[in-house]
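Following my numbering, the numbering of the sequence shown begins with 1422 at its first residue and continues without gaps.
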Amino acid sequence: MGVKVYERILQLFEAEGINTIFGIPDPNFVHMFVAAEERGWNVVTPHHELAAGFMAEGYA
1422 MGVKVYERIL QLFEAEGINT IFGIPDPNFV HMFVAAEERG WNVVTPHHEL AAGFMAEGYA
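Written as structure tokens, this is what we have:
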């Protein structure tokens, strides 16, 4: 079996030195958030999507 898409996305982010993810882990993305936490990433989950965008912009 091949690599899952969310695992590949995390691999590509790690290759660029990214280890923090912002967003709301809805059912479509929850597996990526769980996998990121298992890898030791910082996972920021605010109450609103707009807040996640502002937080990510400030973090960058």
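Glycine residues also receive a C-beta, built at the ideal position from the N, C-alpha and C atoms.
- Of the other Cβ atoms in all chains shown, fewer than 16 fall within 10 Å of the Cβ of L1471; this residue is therefore exposed.
- Taking the C-beta atoms as reference points, V1464 is found no nearer than 7 Å to A1473.
- The DSSP-derived three-state label of F1443 is strand.
- A distance below 7 Å between beta-carbons, with the five flanking residues on each side excluded, links H1452 to the following residues of its chain, in chain order: Y1427.
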